[in-house]
Amino acid sequence: MHHGKYRFIVGFLTVPLGLYALFVVWPFIQSIYYSFTDWSGLSPEFKMVGFDNYTRLVHDDIFWKSLWHSLLFALVLPPVTIGLALFLAFMINVGGRRRKGGPVISGVRGSSFYKIVYFFPQVLSIAIVALLFAFAYNPDSGAINSLLRGVGLGSVQPLWLGDPGLALWCVMAVLVWSTVGFFVVLFSAGMASIPADLYEAALLDGASRATTFFRITLPLLWDTVQSGWVYMGILALGAESFAVVQIMTTGPGGPDYSTTVMVLYVYQKAFRDGQAAYATTIGVALLVVTLLFAAVVMRLGRRERLEY
Amino acid sequence: MGSTSGEHTTTPEGIGTTSPEGVGTTSPEGVGTTSPEGVGTTSPEGVGRRSLIKRSVALGLVSVPTMSFLSACASSGGGGQEKAKAGKKTKQNPLGVNDTAQMEFVLFDGGFGKEYAQDAVKIYQKDFPKAKVKFSATQKIQSTLQPRFNQGNPPDLIDNSGAEQMDMGVLVSRNQLADLTPLLDAPSYDDPSKKVRDTLRPGIVEMGQFDGNPVWIMYYAYTVYGVWYSQKLLDSLDEKYPETWDEMLKVCEKAKKKGIAGWTYAGKYPYYLPFSLYPMIGKVGGREVLDAIDNLEPNAWKHPAVKACFEAYYELYKKGYVLKGTPGLDHIQSQTAWAQGKALFIPNGSWVENESANVIPADFDLAVSAPSGIDSSDKMPFGTIWASGGEPFIVPAKAQNPQGGMEQLRIMLSEASSKNFTTKVKSLTAFNGGTTGISLTPGLKSGVAALEKAGSNVLNPRLQDWYVQLEKEKIGVSGLGEMMAGRITPAEAIKRIQGFADETAKDTSIKHYKHQ
Chain A
1 MHHGKYRFIV GFLTVPLGLY ALFVVWPFIQ SIYYSFTDWS GLSPEFKMVG
51 FDNYTRLVHD DIFWKSLWHS LLFALVLPPV TIGLALFLAF MINVGGRRRK
101 GGPVISGVRG SSFYKIVYFF PQVLSIAIVA LLFAFAYNPD SGAINSLLRG
151 VGLGSVQPLW LGDPGLALWC VMAVLVWSTV GFFVVLFSAG MASIPADLYE
201 AALLDGASRA TTFFRITLPL LWDTVQSGWV YMGILALGAE SFAVVQIMTT
251 GPGGPDYSTT VMVLYVYQKA FRDGQAAYAT TIGVALLVVT LLFAAVVMRL
301 GRRERLEY
Chain B
1 MGSTSGEHTT TPEGIGTTSP EGVGTTSPEG VGTTSPEGVG TTSPEGVGRR
51 SLIKRSVALG LVSVPTMSFL SACASSGGGG QEKAKAGKKT KQNPLGVNDT
101 AQMEFVLFDG GFGKEYAQDA VKIYQKDFPK AKVKFSATQK IQSTLQPRFN
151 QGNPPDLIDN SGAEQMDMGV LVSRNQLADL TPLLDAPSYD DPSKKVRDTL
201 RPGIVEMGQF DGNPVWIMYY AYTVYGVWYS QKLLDSLDEK YPETWDEMLK
251 VCEKAKKKGI AGWTYAGKYP YYLPFSLYPM IGKVGGREVL DAIDNLEPNA
301 WKHPAVKACF EAYYELYKKG YVLKGTPGLD HIQSQTAWAQ GKALFIPNGS
351 WVENESANVI PADFDLAVSA PSGIDSSDKM PFGTIWASGG EPFIVPAKAQ
401 NPQGGMEQLR IMLSEASSKN FTTKVKSLTA FNGGTTGISL TPGLKSGVAA
451 LEKAGSNVLN PRLQDWYVQL EKEKIGVSGL GEMMAGRITP AEAIKRIQGF
501 ADETAKDTSI KHYKHQ
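Just so you know, the protein sequences line up as chains A and B, in that order.
The first sequence maps to residues 1 to 308 in UniProt numbering.
The second sequence maps to residues 1 to 516 in UniProt numbering.
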């Protein structure tokens, strides 16, 4: 029965692992190698410079600003997005009032419609979302300030993306708006797989909505939440934050570096300033931050698995 | 990477068109739509080995692109291809173009479009019927061409412009560009008794130099920077363009009473402000003040002329003469507000006429003026203006047919091609003249008049092409932008900017230049 088991496994793993090594691991090694050179990205010539790029990194104020902003993204966005998504998903699936003759648990009225509405932003590419919000934030003729004027708050006309104190939060709000729907659907799927008898038992015992949520839904959904947490954190550190910052707070990442994030800084160094080697150095720092983030979340989130 | 020619021509393009875009557009979407499902659906089964692997794949998927694309275009190839043999130099062919060699021309497809270049390519093909010309236009200059520079296989002529412009300073310091002196010394296309260099507008040749004599860049367009306004709107206020700052404040006050803001500018890109602010500094304190700033001399920004001009601009903010919300507007939004008559003046360059053509009303009567000064004690007369080359064309040092690239430029610098450009895109070219006999648009006409009035008082500050990050991010956004939004005072702005300039002067990873 077990004859040739290992050969079988190795046979299956060689190709994917080979591809993984070639397209994922190897570029990492290359990048780390380039971070020790003075490669400009515009000519094939470069020489080794040792730890010069890393010393420069340590003394680079803009790098520290971008690191701080990236960390803010990673710390603030996941709890807000996931918390909001959990609330909405719970209301859609479990939070409804019990109706006569209906199923024991159900969502609020019109929940299937809400599910579609929440998922809507997912259909739009992040670039389009960012552009739309850039228009909405226009202090002169944008939707938000026009609305404020419309309701008689003409004296409150913030500059939004033009204000260093607000710009970063404006950008984060857009990311929450555009990603929350995905998690609503993800958590809805998770909640659907929780057996209904657990809820029935809780209801018979007279549990309130809050108790049901914290004692039944959340623990049984924990794995999904944790994965979502890691995923959202990586999104916030990487691709999505780049897109919104690059498109919305155009130029160099907001007024007075108020929205510069690490990915944007990598891009600017590599493709604007012709300092590809330094860009890979920032990339290495980003790698470290991302791995640390994932490790911390996995560690904090570890708990007994519940079987059902 | 092998050394067969097939690989050389295909691989770099493959890399250039896929991976950099992958970072910007496809990978965020790719991640957004595929991997979360992978993570999400396995999770209810628990954090097994399987999902752990999947998560690390997801991790890799997201964090790798930033790095892998960089190394993907790293220098993995050998040297460039064989250069084309030079042809025989004759009267018709003074640069000695090989008439059978292929010539490749990559154009930035921006505000000026590509038609003018295509027209010039047709002339090249007529002159060298046996040569094959490969012409392409793109907005992604850097992502398509950076890998080819790394492979040592760049095209023969490039319009290195736009948001993805490759850093000229780096290209020059890494010996990637060809010296264009042979082109400048060649006879002009129209008149064999004149050298190309003698047909150009003042300042063009110097702008293409960095340190010393070689000329690395041929700027083809000629841009007039200054204060742009609607003559009609100004007339309706019963005012002339103000020559001193007191007059400027008076005009703004008058406009304010009519509900019109005095100024607006690209608040998200405050590095448009220098288009009128720098020549004002030059006018007030003399040319040497700007030269000292360009040379990154210590305390260059602490000159009294800088202080006077900063305070003058700050007064616009303090007196409420700047359109409300301006710091949150980008260039298009501010130009639109200005074209709608919400603001009187905007600092800009002559491309604004083409760029805002669809929002500028027909009877707008677009005009440009040299900046107002402080008062009669200014060092230079009213009319002192910033004008300089735009659309930088380069011939790479490793091009296979550099003579062909230069010949194409020589054709573009002929009177006929220059006129063609001016008619089609409403901008002047580096060719001096070529505006007689064609009907000029209002903005262009006013630009030509401003140049005539300026005479030799044309300034050309170099920060924006020598030190891009310093000019745009640091001076522009963190200095002037913050000051004009009222968040720092002129004194603080000067202190900050001087600090940035000192930082740049000390930074050994940046090549430094000086006015000759």
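Here a beta-carbon is modelled for each residue, glycine too, at the ideal position from N, C-alpha and C.
What you are looking at is a predicted structure, and each value in this text was computed from that prediction instead of being measured.
- Nearest neighbour of TYR257 of chain A by Cα position, chosen from B:GLY476, B:LYS91, B:THR429 and B:ALA221, turns out to be B:GLY476.
- With three or more CB-CB distances shorter than 8 Å, the region 100-118 of chain B counts as touching the region 401-416 of chain B.
- Secondary structure at PRO490 of chain B: helix, using DSSP grouped into helix, strand and coil.
- Taking 8 Å as the cut-off between beta carbons, the residues of the region 138-161 of chain B near chain A are GLN142, SER143, GLN146, PHE149, ASN150, GLN151 and GLY152, in sequence order.
- The three-state secondary structure of TYR225 of chain B, taken from DSSP, is strand.
- Going by C-alpha positions, VAL80 of chain A is about 47 Å away from ILE293 of chain B.
- Close partners of LEU171 of chain B in chain A (Cβ separation under 8 Å): LEU42, SER43 and GLY274.
- Per the coordinates, the alpha-carbon of THR249 of chain A lies some 42 Å from the alpha-carbon of ALA416 of chain B.
- Contact check for GLY113 of chain B against ALA221 of chain B fails: the beta carbons are separated by 9 Å or more.
- Residues are counted here when their Cβ sits less than 8 Å from a Cβ of chain A; for the region 174-190 of chain B these are ARG174, ASN175 and GLN176, given in chain order.
- Chain A has a Cβ within less than 9 Å of the Cβ of THR326 of chain B.
- At a Cβ-Cβ threshold of 9 Å, LEU177 of chain B and TRP216 of chain B count as neighbours.
- Comparing alpha carbon positions, the residue from A:SER112, A:ALA127, A:VAL284 and A:GLY274 closest to LEU175 of chain A is A:ALA127.
- Interface criterion met: the Cβ of ASN145 of chain A is under 9 Å from a Cβ in chain B.
- Non-local C-beta neighbours of ASP211 of chain B in its own chain, meaning closer than 6 Å and more than five positions away in sequence, comprise TYR513, ordered along the chain.
- Of all C-beta pairs linking the region 135-146 of chain A to the region 48-57 of chain A, fewer than three are shorter than 8 Å, placing the two stretches out of contact.
- Taken atom to atom, the span from the alpha-carbon of PRO327 of chain B to that of MET484 of chain B is near 8 Å.
- Scanning the region 187-257 of chain A for uninterrupted alpha helix (DSSP H) segments of 4 residues or longer gives 196-204, 209-212, 218-237 and 239-248, listed from N- to C-terminal end.
- Closer than 9 Å to the CB of GLY373 of chain B there is not a single CB belonging to chain A.
- In this structure, PRO78 of chain A lies near ALA236 of chain A, with their beta-carbon atoms less than 9 Å apart.
- Judged by DSSP in its simplified three-state form, GLU164 of chain B adopts coil rather than helix or strand.
- Shown here, TRP386 of chain B sits in a strand according to DSSP, grouped into three states.
- Bounds of the beta strand (DSSP E) holding PHE108 of chain B are 103-108.
- Within 10 angstroms of the beta-carbon of HIS69 of chain A lie 16 or more other beta-carbons, which makes it buried.
- For SER136 of chain B, same chain residues with a beta-carbon under 6 Å away, outside a window of 5 residues either side, are VAL106 in chain order.
- Each residue's CA atom was taken as its position, placing GLY110 of chain B and LEU292 of chain A some 42 Å apart.
- LEU323 of chain B is a Cβ neighbour of TRP263 of chain B, given a cutoff of 9 Å.
- Neighbours of SER350 of chain B in chain A, taken as residues whose beta carbon is under 9 Å from its own, are absent, since the nearest beta carbon is some 22 Å off.
- Boundaries for SER334 of chain B: no beta strand (DSSP E) harbours it, while the alpha helix (DSSP H) harbouring it runs 331-339, taken from the DSSP string.
- Apart from the 5 residues on each side of it in sequence, ILE194 of chain A sits with its Cβ closer than 6 Å to the Cβ of LEU220 in its chain, given in chain order.
- Distances from the CA of GLY373 of chain B to each of B:SER236, B:LYS302 and B:ASP246 were compared; the closest alpha carbon is that of B:ASP246.
- Counting only the Cα atoms, GLY228 of chain A lies some 10 Å from ILE234 of chain A.
- Per DSSP, the unbroken beta strand (DSSP E) holding THR138 of chain B starts and ends at 133-138.
- CA-to-CA, the gap between ASP159 of chain B and ALA305 of chain B works out to about 36 Å.
- CA-to-CA, the gap between GLN151 of chain B and PHE23 of chain A works out to about 20 Å.
- In the structure shown, LEU237 of chain B falls within a coil segment according to DSSP collapsed to helix, strand and coil.
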